Each structure stands twice: as structure tokens, then as C-alpha cells.
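Q:
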Amino acid sequence: MSDADAVRAEVDTLLALVRERYGSRMDAEQLAGVRTSIEAIVQASRALRAVRLTNADEPAQPFAAYRAEP
Amino acid sequence: MAEDVVFTPVRQLAEGIRARRLSPVALTETFLDRLERLGPRYNAVVTVTRDRAIEQARRAEAEIAAGRYRGPLHGIPYGAKDLLATSGGIPTTWGAAPFKDRCFDFDATAILKLEAAGAVLCAKLAMVELAGGMGYRQPNAAFTGPGVNPWNREAWSGGSSSGSGSAVAAGLVPFAIGSETWGSILSPAGNCGLAGLRPTYGRVSRHGAMALCWTLDKLGPLALTADDCGLVLEAIAGRDAADPTTVDRAYRYDAGAPAGRRFRFGVLRGITDGCEDAVRENFARSLEVLRGLGTVEEVALPDLPYDDVTRTILFAEAASAFEDLIESGAIAGLTAPEDHYTPYARDAILAKDYVKALRLRSVMARAADRVLAPLDALVAPGRATVAAMLGAEVRSAIRGTARDVMGAVGNGAGLPAVAVPNGFGARGLPTSLQLMGRAWEENTVLAAARAYQSATDWHRRHPADP
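Protein chains in written order, with the working numbering: chain C, 98 to 167; chain V, 8 to 473.
Structure (C-alpha cells):
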């Protein structure tokens, strides 16, 4: 499968999910707009996945353990 | 009071108030009148808070008369982007039709801090609906209509703090509070020829502000000068138990940088690629000015997908923050037609990719800090283009129709930046220069911006009333 075909297959799969959830609210033109947005999301996710990180590279996150003070 | 106070920087207004040459009540009446008379011409105002303003102004006047001067914002009128909660029956609409009558029973921390500083809330200012988080593509994306640019009323004031930009630029308030997730302070500041300061993430409490993206949202001032931005930042900065992302670092605005201080500026390689000609030319002239203030050197960031990192975080968090609105279909009540369906696509962001973006964000923050460490500021055009026309499609790095490495890195890594005007481009519209620094270095970027403004006069030019 070519790279373009792989992207298209991924977009098709994700679009099917969105159509299943919200398809009844959208006409064909709006659905085409959503497809364009999903194509951008897929391209972005592929760019993210292309960068190799180590096991020690943690997410930037604000979580902290919580304990109510008396 | 004569309108010669209009377009006077906060610092000079404050001197007049402190010396009791200016009356806070009269000053407030002047700006309330302009907000009511001219605000609709710019679609800049959601609510004029006249009663609250007069009450605060009278209190300020009495305190000052009694010798209890609180500081440089005491008695100074201002406006707040309408995503900051206000009590007392003043609506907080988030710029969105579904919330146009909604009121809160508390004040956002930034509103409370400004009240404590003695500032006078005169208006809740218009904004792009939900701070632009639904993917709008046009200026007409608020129930108040498109933000109109005071320099050219056929052009947009910018987003998403559109009213904050046009109100200050039109002399309707001396300063305003805006918010930035990605570009929403620097964009209207640049489009309207103002100074706009995006503080370090965690510097200013977001409590009571609409959440678009918990890990990207910042509040900051738009004003006539970089110096005024520093005065306002000092009033709104600080740790807040109601916002656990705020840090326990005291902020004191340092306006007294020694004369003749030399700065070290960096410019990212290729930063003007894709800019309009006038933007590129004005930036080149700005660099000449900056070379008179210090050194300018070319620098490079490592090759990482900066835009994709910040965009993925923004889309995923916005989809979660507005889950109810999106899943209920209530987004169909928004103004921009594309906001009715674009957010549905965000369900396609996989959790693993969001976490990868958060991991890369740490890498990005370290890379940016390594580049910034020897510098006082990275400098770049504030925007690649002048403001869009009201009927045109808006180019946006958030949607991927423009590149904005400075915005992606600056917002993704939570770094402070200030935009100041640096000339004019097509259709008589302003262009801008941005200066971005290391985390917590607001005083450094403000000192550099002040030095630039001391050597130029773009900030002294103002549009005529319609």
C-alpha cells in the first residue's frame, strides 16, 4: 500500500467513526469539510509519530497527587 | 472632560490622577461615552458596565482625595474580553449566541485583582465565539458581528480578542484584557497597531475565564505601549489557589531598565518566508532599529513538528472542554457556519497522539529554552500578513492554512511575548514586531520592547474617529 493509500484508509476509518456519531446532523458539503479536517489531523498525527522519543520522555502535564487538608 | 485624554498611555493618565489633575469619574465618563457612541461602529462591545464603572470611579476618586492612592491603575478605565466572569448581573457571553444571556455570580480572579488595584471596569468586550476554538474561517464568527479594525473599517480587528484590540486602538478604553491560546492577544494587537503582552503560562490566574485549552490558555493586556502592558501585568499576576497552574513567583514590573542597556536578539532562519512584502520590509527596518539597541543574530530550532504539537493539544483539549456543546449539537447555534460541524472532526484525534504531543511538548520547551538562553528575545514579524478584510477567509496556523513557528513554540511552551507596532502595510493596516523570551522573562521582553518604542513612533499614531 502506498503512503497516500495508507493515509486515505486511515482518514476513511476515522471519518466513518465521526459519521456514525454525528452524520445525521451534517449534509454532504459539511461532511466533506469534516473529511478535510480529518485529513489534517491524520497528517499531524503522522508527523508526531515520526519523532522518536525515549521511554524517559514524559508528557508535560500538571497532574499532582491530591489530599484534602483538614 | 475634553477628549484630549484619549490615546494617552496609562502611565501618563496615572500621573494626572495621582496629582489630582484628572478626575477618575470624569475620565470614566469620557470613556463610557466613547464606548456607547463608537463601540457599535467597531462591533467592539458586548456590555457597557456603566453602573459598576461609575461606582468604582467614585470610590477611586474618594480614596485618592483621602490620600489612599493604590497605584498606577487606580481610577483607570479598562475593558475585559467577555470570557472573564463578572458578577452583578453583567452577562458573560464567551462571544457565543447560545450564552448571550448567561450571568455568573462571581468575578474572575483577574477582574478581582484589577478591582483591588483600583481599575474601573467599563465594558465587557467582544470576542470570536468560544475564543475561536471551533475552527472558524472568517471574521464574522461572533454574535456581535465581525470585529472591525479602527484603521480600516473594511478590515478585521483580529481574533480572538477582537473587541479588546479594536476598543484600545479606537480610544474606547486605555487598556483591555485579552486571552491567548494561540495568537489571540498578539493577533489583534498586531492588526490594530497596539502593544499586546502574552505572559508566561502560569503567570496569571485563569480562574473565572472560559476554558478553551487548560494547558494553553493565558490572560494578558492590550494597551497603547509596552510600558502600559507591564503596569497591567503587575496588577493581574500572581499565585491563585483557585488556579493550580499558577506559580508562586512574585512579579514586579521593572520599568527602570538602565538607559543604554544592550540587548541580544535572535531571529529564526527563514522566519519571513511566506510573509507579505510590507511585513517583510517593515521587519527588516525593525531589525535595523534593533541593531542600534544591541546585536541581532540568526538562530535555528531543531527540526520538530511544532505546529502539529500545539495544534493537536489545542484541538483535543477544546473538544473536551466543549464536549457538551458539541455532542448535544448546540454548536449549530453559533454564528460562523463552519463552527456548526468542524468540531466533530476532533473525535478523530487518538488519545495516544494527544499524549505524544504532550511528550513532544516537553522536548519542544527544552529546545526553545536552549535557543533562548543566551538571548534576550527572539524577534519576528507579529503576523505574516496585515489584517484580513471582513469578507475574506482568515489564514490561520491553528487550522494549518498558515505557518506560525513562533506562535506554535511560544504557546506550546508557554513563553512570554510582546507585540508592538512597526509600520503599515496594504490598505493602511498596521504591521507588528514580536519579541519572545524565556519563561518568566516578561521584564526582559518588555524592556526590549520599550527600547524599540523609544526609538520609533508607530505607537504614537492613532486612527481617526469615524
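Ideal Cβ placement from N, Cα and C applies to all residues, glycine included. These numbers come from a predicted model, not from an experiment.
Below 6 Å CB to CB, which residues in the same chain sit around residue 294 (chain V) once its five sequence neighbours on both sides are set aside?
A: 303, listed in sequence order.
Q: Are residue 173 (chain V) and residue 157 (chain V) close, meaning C-beta to C-beta below 8 Å?
A: Contact: yes.
Q: Under a Cβ-count criterion, where at least 16 other Cβ atoms within 10 Å of its own Cβ denotes burial, should residue 390 (chain V) be classed as buried or exposed?
A: By the neighbour-count rule (16 or more Cβ atoms within 10 Å), residue 390 (chain V) is buried.
Q: Could you tell me the alpha carbon to alpha carbon distance between residue 278 (chain V) and residue 320 (chain V), rounded to whole angstroms?
A: Taking the straight line joining both Cα atoms gives about 23 Å.
Q: Got a sec? Which residues, its chain only, sit under 7 Å from residue 95 (chain V) by beta carbon, not counting five neighbours each side?
A: Excluding positions up to five away in sequence, the list reads 59.
Q: Output needed for residue 92 (chain V): all residues of its chain with C-beta closer than 8 Å, excluding positions within five of it in sequence on either side, in chain order.
A: Excluding sequence neighbours, residue 92 (chain V) sits near 99, 111, 113, 114, 115, 118, 215, 216.
Q: Going along the region 148–159 of chain C in order, which residues come within less than 7 Å of chain V, judged by CB to CB distance?
A: The region 148–159 of chain C vs chain V, Cβ under 7 Å: 148, 150, 154, 155, 156, 157, 158, 159.
Q: Taking the alpha carbon of residue 219 (chain V) as the reference point, which residue from V:204, V:186, V:203 has its own alpha carbon closest?
A: Among V:204, V:186, V:203, the Cα nearest to that of residue 219 (chain V) belongs to V:186.
Q: Using beta carbons (cut-off 8 Å, strictly below), is residue 104 (chain C) in contact with chain V?
A: So, not an interface residue.
Q: Assign residue 134 (chain V) to one of two classes, buried (16 or more other C-beta atoms within 10 Å of its C-beta) or exposed (fewer than that).
A: Buried: at least 16 other Cβ atoms inside 10 Å.
Q: Would you verify that the beta carbon of residue 123 (chain C) is, or is not, closer than 8 Å to some beta carbon of chain V?
A: Answer yes: the Cβ-Cβ gap between residue 123 (chain C) and chain V drops below 8 Å somewhere.
Q: Leaving out five residues on either side along the sequence, give the residues of the same chain with a beta carbon under 7 Å from the beta carbon of residue 132 (chain V).
A: These residues qualify, in order along the chain: 51, 52, 53, 86, 87, 88, 89, 170, 171, 174, 183.
Q: If I'm right that residue 305 (chain V) touches residue 287 (chain V) with Cβ under 8 Å, what's the distance once you round it to whole angstroms?
A: At roughly 15 Å, the Cβ-Cβ gap does not stay under 8 Å, so residue 305 (chain V) and residue 287 (chain V) are not in contact.
Q: To the nearest angstrom, how far is the alpha carbon of residue 259 (chain V) from that of residue 299 (chain V)?
A: Distance between the alpha carbons of residue 259 (chain V) and residue 299 (chain V): 27 Å.
Q: Measuring CB to CB, does residue 142 (chain C) end up less than 8 Å from residue 357 (chain V)?
A: Yes, Cβ-Cβ distance for residue 142 (chain C) and residue 357 (chain V) is below 8 Å.
Q: Strictly under 8 Å for the Cβ-Cβ distance: is residue 251 (chain V) near chain C by that measure?
A: By this cut-off, residue 251 (chain V) is an interface position.
Q: Does residue 315 (chain V) get closer than 8 Å to chain C when you measure Cβ to Cβ?
A: Closer than 8 Å to some Cβ of chain C, the Cβ of residue 315 (chain V) qualifies, so yes.
Q: Which residues in the same chain as residue 167 (chain V) place their Cβ atom closer than 7 Å to its Cβ, once the five residues preceding and following it in sequence are excluded?
A: Excluding sequence neighbours, residue 167 (chain V) sits near 134, 135, 138, 139, 191.
Q: Does the Cβ of residue 269 (chain V) have 16 or more other Cβ atoms within 10 Å, making it buried, or fewer, making it exposed?
A: Residue 269 (chain V) is exposed by the Cβ-count criterion.
Q: Answer with buried or exposed for residue 114 (chain C), where buried requires no fewer than 16 other C-beta atoms within 10 angstroms of its C-beta.
A: Classification of residue 114 (chain C): exposed, given that the 10 Å Cβ count is below 16.
Q: Please list the partners that residue 342 (chain V) has in chain C, where partner means a Cβ-to-Cβ separation under 9 Å.
A: Simply none; closest approach about 16 Å.
Q: Here's the rule: buried if 16 or more other CB atoms are within 10 angstroms of the residue's CB, otherwise exposed. What is residue 322 (chain V)?
A: With 16 or more Cβ atoms within 10 Å of its Cβ, residue 322 (chain V) is classed as buried.
Q: Starting from the Cα of residue 159 (chain C), find the closest Cα among V:74, V:30, V:254 and give me that residue.
A: Comparing Cα positions, the closest option is V:254.
Q: Helix, strand or coil: which one does DSSP assign to residue 50 (chain V)?
A: Reduced to three states, the DSSP call for residue 50 (chain V) is coil.
Q: Counting only C-beta atoms, is residue 356 (chain V) closer than 8 Å to chain C at any point?
A: At least one chain C Cβ lies under 8 Å of residue 356 (chain V).
Q: Let me confirm a value: residue 121 (chain C) is counted as buried when at least 16 other C-beta atoms fall within 10 Å, else exposed. Which label applies?
A: Residue 121 (chain C) is exposed by the Cβ-count criterion.
Q: Please state whether the Cβ-Cβ distance between residue 301 (chain V) and residue 272 (chain V) is less than 8 Å.
A: In contact: residue 301 (chain V) and residue 272 (chain V) (Cβ atoms closer than 8 Å).
Q: Identify which residue in V:56, V:48, V:33 has its Cα closest to the Cα of residue 67 (chain V).
A: It is V:33.
Q: Excluding the five sequence neighbours on either side, which residues of its own chain have a C-beta within less than 7 Å of the C-beta of residue 39 (chain V), listed in chain order?
A: The residues are 55, 57, 60, 129.
Q: Using CA coordinates, which residue listed in V:74, V:122, V:193 is at the minimum distance from residue 80 (chain V)?
A: Considering only alpha carbons, the answer is V:122.
Q: Is the region 375–393 of chain V in contact with the region 335–345 of chain V, if contact means three or more CB pairs nearer than 8 Å?
A: The region 375–393 of chain V vs the region 335–345 of chain V: no contact.
Q: Are the C-beta atoms of residue 146 (chain C) and some chain V residue less than 8 Å apart?
A: At least one chain V Cβ lies under 8 Å of residue 146 (chain C).
Q: Leaving out the 5 sequence neighbours to the left and right, which residues in its chain are closer than 8 Å to residue 209 (chain V) when beta-carbon positions are compared?
A: So the qualifying residues of the chain are 252, 253, 254, 421.
Q: Excluding five sequence neighbours on each side, which residues of the same chain lie with their C-beta closer than 8 Å to the C-beta of residue 347 (chain V)?
A: So the qualifying residues of the chain are 338, 339, 341.
Q: Nearest CA to the CA of residue 132 (chain C): which residue from C:144, C:145, C:116?
A: It is C:116 whose Cα lies nearest to the Cα of residue 132 (chain C).
Q: Could you list which residues in chain C have their beta carbon closer than 7 Å to that of residue 366 (chain V), in chain order?
A: In chain order: 150, 154, 155, 156.
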